[in-house]
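Quick notes on the structure that follows.
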Amino acid sequence: MKEISPFALGATLYMPATRSDILDVVYGRKLAELRSLVVCLEDAVAEIDVETALSNLQLLLQAIDQQGGRPQAGPLLFVRPRDAAMATRLNDWALMKHVDGFVVPKLTLHNLTAWEHAVTNPQLFLMPTLETADVYNPGAMVELGQALKANLDQRIIALRIGGNDLMGCLGLRRNPLTTLYNTPMSYVIPMLAGIMGAQGFALTAPVCEQLESPDLLREELELDIAHGLVGKTAIHPCQISIIQETLRVSLDDLNSAKLIVNDVAPAVFRHNDAMCEPATHFKWALNILERAKWHGVKPADAAGAEQPMRLAEAMR
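Numbering (the working numbering), first residue to last: 1124 to 1439.
Set out below in structure tokens:
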């Protein structure tokens, strides 16, 4: 089975399966910068449109098949089934070979077995979404994480945090002037980052639903990154470039990471007026290098650009 880095997800755009332009996105004729795409058969599709959406998905996959498969440089492609029963139906489609995996909606410990039985195709990765009331219970999240590790560990790319649904559990909607971190998500996101992150799962960030507030999106993204989240759901194409740009790594972080993973790095050293301790910071450094691989490095500010530095100099 191939591997997919969670850092490859970047900005993830959901598109209703009823849309007629999905093939153009898959082939980069539209939204060429998009890194990952989810064709949604769940919340974005009304009940009366489900069969039409399924037919449209089948036509999409047939068109991809007729063109010899997806382009190598195109976005990752996922499908979000409505429930485990629909996933069972899709699992047996031969054309699912053109899909990277399923986004699992509203995963809980109680429906996990149903999803395990539904998605038996070993080539399909999974991205479960945490968006139900039991997400507020740390004990339930410990149990869910353990169950996922036991049965599906190698197939899970990342866990997705469904911020709007989680707010909806409390009858809340964010203030349009503040980030999610000024809501009860300020408890949920750090808790999930700790509990699920400590078990080895990558997590992606919820949408920012304010389309006319790019500065708010950037502020929220910085907080997402500070909590170790590896990508973010885009609610509209106008958010894609902002997400991709913010996910780029600073030159300072890149240089620090390279020094930390160096084979001759001492146990503790100083770099740019900060203590570096490879035994503690090694995993952080690997994540920085992986993020830089997929998203690149932010251009250095001309006034504050670093001078080239040899490893020995940095460790003095």
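We put the CB at the ideal spot given by N, CA and C, even for glycine. In this text, all values refer to a predicted model and were calculated from it rather than measured experimentally.
Given L1154, which residues of its chain have a CB within under 6 Å of its CB, disregarding the five upstream and five downstream residues?
By the criterion of a C-beta distance shorter than 6 Å, L1154 is surrounded in its chain by V1148, P1360, once the five residues flanking it on both sides are discounted.
Report all residues from its chain with a CB closer than 8 Å to the CB of I1318; omit the five preceding and five following residues, and keep chain order.
Closer than 8 Å at Cβ, skipping near neighbours: P1261, M1264, V1265, G1268.
Select from P1198, P1194, W1238, Q1189 the residue whose C-alpha is nearest the C-alpha of P1204.
Ranking P1198, P1194, W1238, Q1189 by Cα distance to P1204 puts W1238 first.
Apart from the five residues on each side of it in sequence, which residues of its chain come closer than 7 Å, Cβ to Cβ, to E1342?
The beta carbon of E1342 is closer than 7 Å to those of T1302 in its chain, skipping five residues each way along the sequence.
What is the residue span of the alpha helix (DSSP H) that C1292 lies within?
From DSSP, the alpha helix (DSSP H) with C1292 extends over 1286-1292.
Go ahead and label P1251 buried or exposed: buried means 16 or more other beta carbons lie within 10 angstroms of its beta carbon, across all protein chains shown.
With 16 or more Cβ atoms within 10 Å of its Cβ, P1251 is classed as buried.
Proximity to A1388 [Cα-Cα], best of D1396, N1395, S1379:
Ranked by Cα distance from A1388, the first of D1396, N1395, S1379 is S1379.
Grab me the residues of E1156's own chain with a C-beta within less than 7 Å of its C-beta, minus the 5 sequence neighbours each way, in chain order.
Its chain contains I1363, S1364, Q1367 as the residues whose beta carbon lies nearer than 7 Å to that of E1156, once the 5 sequence neighbours on both sides are disregarded; these appear in chain order.
Meets three-Cβ-pair contact criterion under 8 Å: the segment 1204-1214 and the segment 1185-1192:
These segments do not touch.
What is the rounded straight-line gap between the Cα of K1416 and the Cα of A1357?
Those two C-alpha atoms are separated by around 21 Å.
Less than 8 Å between C-beta atoms, sequence neighbours within five positions excluded: which residues of the same chain meet that for L1132?
Take L1132, set aside five residues on each side of it, and the residues of its chain with a beta-carbon closer than 8 Å to its own are R1158, S1159, L1199, I1280, A1281, T1327, V1353, G1354, in chain order.
Given this structure, state the Cα-to-Cα distance separating N1244 from I1127, to the nearest angstrom.
Going from the Cα of N1244 to the Cα of I1127 covers about 16 Å.
Rounded to whole angstroms, what is the Cα-Cα separation between E1345 and G1351?
Each residue's alpha carbon lies about 10 Å from the other.
I need the straight-line Cα distance from V1420 to E1413, nearest angstrom please.
Taking the straight line from one Cα to the other gives about 11 Å.
For the alpha helix (DSSP H) that G1320 lies in, which residues bound it at each end?
1308-1321 is the span of the alpha helix (DSSP H), which, as asked, contains G1320.
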